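Heads up, the numbering used here is the position in the sequence shown plus 293, with the first residue counted as 1. Note that CB positions come from ideal geometry on N, CA and C, so glycine has one too. Just so we're clear, the structure is a prediction, and the values are computed from it rather than from any experiment. Quick notes on the structure that follows.
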Amino acid sequence: MTITLPLDPTQEAKLIAVAQAKGVSADALVREALDKILADAPADSAQQPESRPIWELIQDNMKDVPPEEFAKLPTDGAKEHDHYLYGHPKHAH
């Protein structure tokens with residue numbers, strides 16, 4: 294895998310200067326820093342895809358929402374989703 298890291302000219306110059314002072318290439322310096330970050334990361338930090346059903350995730354995310362906030366939601370949200378998401382006119386009833 295190749296990762297591109299955009300740096301502004303000042304950052305790039307500083308990276309090159311630090312690498313030269315250490316007697317390594319900028320790539321080697323960045324690789325060294327990355328290796329330290331990865332070594333310190335917990336083994337399970339590589340996120341696994343969620344295996345629970347979506348409705349359980351929604352329930353967990355919404356469990357602390359007070360009932361009065363749910364009461365404010367539109368009852369025609371599915372039918373009029375273009376209106377609520379994009380501001381389109383509501384459909385004629």
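Rounded to whole angstroms, the gap between the alpha carbons of residue 320 and residue 302 is 16 Å.
Taking C-alpha positions only, residue 356 is separated from residue 382 by approximately 32 Å. Straight through space, the alpha carbons of residue 334 and residue 364 are spaced by roughly 43 Å. Between residue 311 and residue 322, the beta carbon gap of about 6 Å places them in contact (Cβ cut-off 8 Å).
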